[in-house]
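Heads up: take any position in the sequence shown, counting from 1, add 9, and you land on the working numbering. Cβ atoms here follow ideal geometry from the backbone N, Cα and C, with glycine treated the same way.
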Amino acid sequence: GVPEYLLVSSKKDYGTSFGAYYPPGGHVEGEESERDALIREMKEELNIDIVPVHRIAETPGDVKGYTVSWWQCDSLSSDVKIDKEELADAGWFTQKEMKNLQLWPATKKFFDEYVFKE
């Protein structure tokens, strides 16, 4: 089938891109690895189990001084249950559907460079 990508939108108002979609993620805590952080964050925010496959790229984030690591992951389930404190929405989208979504600038840049090459 057509690959689908999991995107979320936040309840927090970050100004200009409020409501825009981005891939779920989070911050590495303490001594944990990026892989462990991904597994934990996906479980906490979306209640899904994932297997990190490989890191695709590292890019500057939308917030000054932040670096973003982009990972390809396999999801062991497609049933997403969002943390309603943090997130406004979450869903699986095809590339075609994503072209009509408002994406965060860093997300759009990443997808244009690494994913949307047709």
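Identify, in the order they occur along the chain, each residue of the same chain with its Cβ nearer than 6 Å to the Cβ of residue i, setting aside the five sequence neighbours on each side.
i   : result
Y31 : W113 and T116
V17 : P33, L96 and A99
For residue i, which three-state DSSP category applies?
i   : result
P61 : strand
A29 : coil
V72 : coil
Would you mind reading off the limits of the alpha helix (DSSP H) that contains residue i?
i   : result
Q81 : No alpha helix (DSSP H) holds Q81; the beta strand (DSSP E) holding it covers T76 to S84.
Give me the Cα-Cα distance between residue i and residue j, rounded to the nearest whole angstrom.
i   : j   : result
K90 : G74 : 31 Å
G7  : D45 : Limits of the chain in this structure are 10 at one end and 127 at the other, which puts residue 7 out of reach.
M51 : G35 : 9 Å
Which residues in the same chain have their Cβ closer than 8 Å to the Cβ of residue i, if we skip the five residues on either side of it in sequence?
i   : result
W79 : P32, R64, I65, A66, E67, T68, F119 and Y123
Taking 7 Å as the limit between beta carbons, can you name the residues of its chain near residue i, skipping five residues before and five after?
i   : result
V11 : T103
Would you call the stretch 45 to 65 and the stretch 80 to 91 in contact, with 3 or more CB pairs under 8 Å? yes
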